[in-house]
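**Q** After the C-alpha cells below, expect a handful of questions from me.
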Amino acid sequence: MKYLQELTFINQLMVMTKTYRNIEYTYMISETWNGIKYDNYHCNDRNLLDGLETSMFTKLSEQDMRDEIDHLIDQRQDLLQIQDLVYEARRDWYSNTYSGEYTGD
Numbered sequence: 003m004k005y006l007q008e009l010t011f012i013n014q015l016m017v018m019t020k021t022y023r024n025i026e027y028t029y030m031i032s033e034t035w036n037g038i039k040y041d042n043y044h045c046n047d048r049n050l051l052d053g054l055e056t057s058m059f060t061k062l063s064e065q066d067m068r069d070e071i072d073h074l075i076d077q078r079q080d081l082l083q084i085q086d087l088v089y090e091a092r093r094d095w096y097s098n099t100y101s102g103e104y105t106g107d
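Numbering (our numbering), first residue to last: 3 to 107.
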C-alpha cells in the first residue's frame with residue numbers, strides 16, 4: 003500500500019510541449035513524494051500512433067524520445083506488417099489450437 007501512496011504524491015514541477023519531426027510530445031520535470039526530481043517525456047500524438055497497438059509512450063531522455071519517434075516514422079510500414087502478422091498468428095492459434103480451457107500460461 004505504501005507504494006501506491008508514493009505514486010499518488012508525485013508533483014509536476016514543469017510541463018512543456020515540444021515538437022520533433024512535426025510530432026508533439028510533452029517534457030515534464032516531476033518530483034516524487036520524497037523530493038527527488040526527474041525528467042520524463044510523454045507522447046500520445048494520434049497521427050504518429052494511428053493504427054499501432056499503443057496510445058502513448060514515455061521515455062526518460064529527450065534523445066530516447068527522438069529515437070522512438072524516428073523509429074515509429076521511419077519503420078511505420080514494417081511495424082504495421084509485423085502487427086498484422088501477430089494478429090494473424092493470434093487468430094490462427096485461437097481457432098486451431100486453443101481448447102478454450104485455461105492452460106496456466
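Ideal Cβ positions, reconstructed from N, Cα and C, are used throughout, including at glycine.
#1: Short check: CB of Ile38 to CB of Leu15, under 8 Å?
#2: From the DSSP output, in three-state form, read off Glu8 for me.
#3: Rounded to the nearest angstrom, how far is the Cβ of Ile84 from that of Leu50, given a contact under 8 Å?
#4: Tell me whether Tyr43 sits in a helix, a strand or coil according to DSSP, three-state version.
#5: Relative to the alpha-carbon of Tyr22, which residue among Asp86, Gln77, Met67, Asp94 has its alpha-carbon at the smallest distance?
#6: Going by CA-CA distance only, name the one from Glu55, Gln65, Ser57, Arg48 that's closest to Tyr29.
#7: Under a three-way DSSP split, which group does Ser101 fall into?
#8: How about Asn40 and Tyr27: do their beta carbons lie closer than 8 Å?
#9: Using DSSP with H/G/I as helix, E/B as strand and the rest coil, what is Val17?
#10: Exposed or buried, Leu74, counting other C-beta atoms within 10 Å across all chains shown (16 or more means buried)?
**A** Result, derived from the coordinates:
#1: no
#2: Since pLDDT at Glu8 reaches only 42, below the 50 mark, its modelled position is unreliable, and the value read off the structure follows with that caveat. The answer is helix: DSSP assigns Glu8 an H, G or I state.
#3: Not confirmed; about 17 Å, so no contact.
#4: strand
#5: Met67
#6: It is Gln65.
#7: coil
#8: Looking at the sequence shown, residue 40 is not Asn but Tyr. The answer is no: Cβ separation not under 8 Å.
#9: strand
#10: With a 10 Å radius around the Cβ and a threshold of 16 neighbouring Cβ atoms, Leu74 comes out buried.
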